[in-house]
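Visitor: Convert by adding 1338 to the 1-based position in the sequence shown; the result is the number in the numbering used here. In this text, a Cβ means the ideal position worked out from N, Cα and C, and glycines have one as well. Below: one structure in structure tokens.
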Amino acid sequence: MQIGSALKQDVHDILCEDLLRERAAVLSRAGFAVENALQQVIRINQRIEEKMNELRTHRNDVSRRKDLTDQVTILEEINTIIDQYNTACQKAELQYYYFIVTREALGLRRHEMVRQLYQIPPKKKKIQAI
1339 MQIGSALKQD
1349 VHDILCEDLL
1359 RERAAVLSRA
1369 GFAVENALQQ
1379 VIRINQRIEE
1389 KMNELRTHRN
1399 DVSRRKDLTD
1409 QVTILEEINT
1419 IIDQYNTACQ
1429 KAELQYYYFI
1439 VTREALGLRR
1449 HEMVRQLYQI
1459 PPKKKKIQAI
């Protein structure tokens, strides 16, 4: 009888181990999805900064200052990128929500550290032409 009991315990242990591995994999995928979404937000923000620097350079260049069409074009490009940024922020917020729901489903109830680790930046407002 001890052999049957030991076999049942081994099977139970193997199943528990499989469940733990699967839970870890699910949580890991959800975390990576948030990280990827935040990386996209950061990349788009860098593009905004590059365009803003281009606009500042254009405005400071005395020989080009009078050419308002270039400035308007750059502003339009910045606003288009801001739209992309805000969309990426929305996606990051959604991925973060999915991550929290996944944690809750797995029995994890405290999310303070997660909140600090995955801070979603606020959306940006479009720039108005001056």
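What residue from Val1410, Gln1377, Val1439, Ala1467 has the CA that sits closest to Leu1365's CA?
Guide: Here residue 1365 is taken as the residue at index 27 of the sequence shown, counted from 1. For the residues Val1410, Gln1377, Val1439, Ala1467, the minimum Cα distance to Leu1365 belongs to Val1439.
Visitor: Taking all protein chains shown into account, decide if Gln1433 is buried (16 or more other Cβ within 10 angstroms of its Cβ) or exposed.
Guide: For the purposes of this step, residue 1433 is identified with residue 95 of the sequence shown, where counting begins at 1. By the neighbour-count rule (16 or more Cβ atoms within 10 Å), Gln1433 is buried.
Visitor: With a 10 Å radius around its C-beta and 16 neighbouring C-beta atoms as the bar for buried, classify Ile1352 as buried or exposed.
Guide: Counting from 1 along the sequence shown, the entry for residue 1352 is found at position 14. Classification for Ile1352: exposed.
Visitor: Using DSSP with H/G/I as helix, E/B as strand and the rest coil, what is His1449?
Guide: For the purposes of this step, residue 1449 is taken as the residue at position 111 of the sequence shown. The answer is coil: DSSP assigns His1449 none of H, G, I, E or B.
Visitor: Would DSSP call Leu1444 helix, strand or coil?
Guide: Numbered from 1 along the sequence shown, position 106 holds the residue referred to as residue 1444. It is coil, neither helix nor strand.
Visitor: Looking at Ile1416: is its Cβ nearer than 8 Å to the Cβ of Ile1382?
Guide: As a working mapping, residue 1416 is identified with position 78 in the sequence shown. As a working mapping, residue 1382 is identified with position 44 in the sequence shown. No, the Cβ-Cβ distance between Ile1416 and Ile1382 is not below 8 Å.
Visitor: State buried or exposed for Tyr1435, treating a residue as buried only when at least 16 other CB atoms are found within 10 Å of its CB.
Guide: For the purposes of this step, residue 1435 is identified with residue 97 of the sequence shown, where counting begins at 1. Under this definition Tyr1435 is an exposed residue.
Visitor: For Met1390, which of Ile1380, Ala1467, Ile1412, Cys1354 has the nearest alpha-carbon?
Guide: Stepping through the sequence shown from its first residue, residue 1390 is reached at position 52. Out of Ile1380, Ala1467, Ile1412, Cys1354, Ile1412 has the C-alpha closest to the C-alpha of Met1390.
Visitor: Does Leu1376 pass the burial test, meaning 16 or more other C-beta atoms within 10 Å, or should it be called exposed?
Guide: By 1-based counting over the sequence shown, the position of residue 1376 is 38. Buried, since its Cβ has 16 or more Cβ neighbours within 10 Å.
Visitor: Cutting at 6 Å between CB atoms, please list the residues of its own chain near Val1372, excluding the five before and the five after it.
Guide: Locating residue 1372 in the sequence shown gives position 34, counting from the first residue. The residues are Gln1433, Tyr1434, Phe1437, Tyr1456.
Visitor: Does the Cβ of Ile1419 have 16 or more other Cβ atoms within 10 Å, making it buried, or fewer, making it exposed?
Guide: Here residue 1419 refers to the residue found at position 81 when the sequence shown is read from its first residue. Ile1419 is buried by the Cβ-count criterion.
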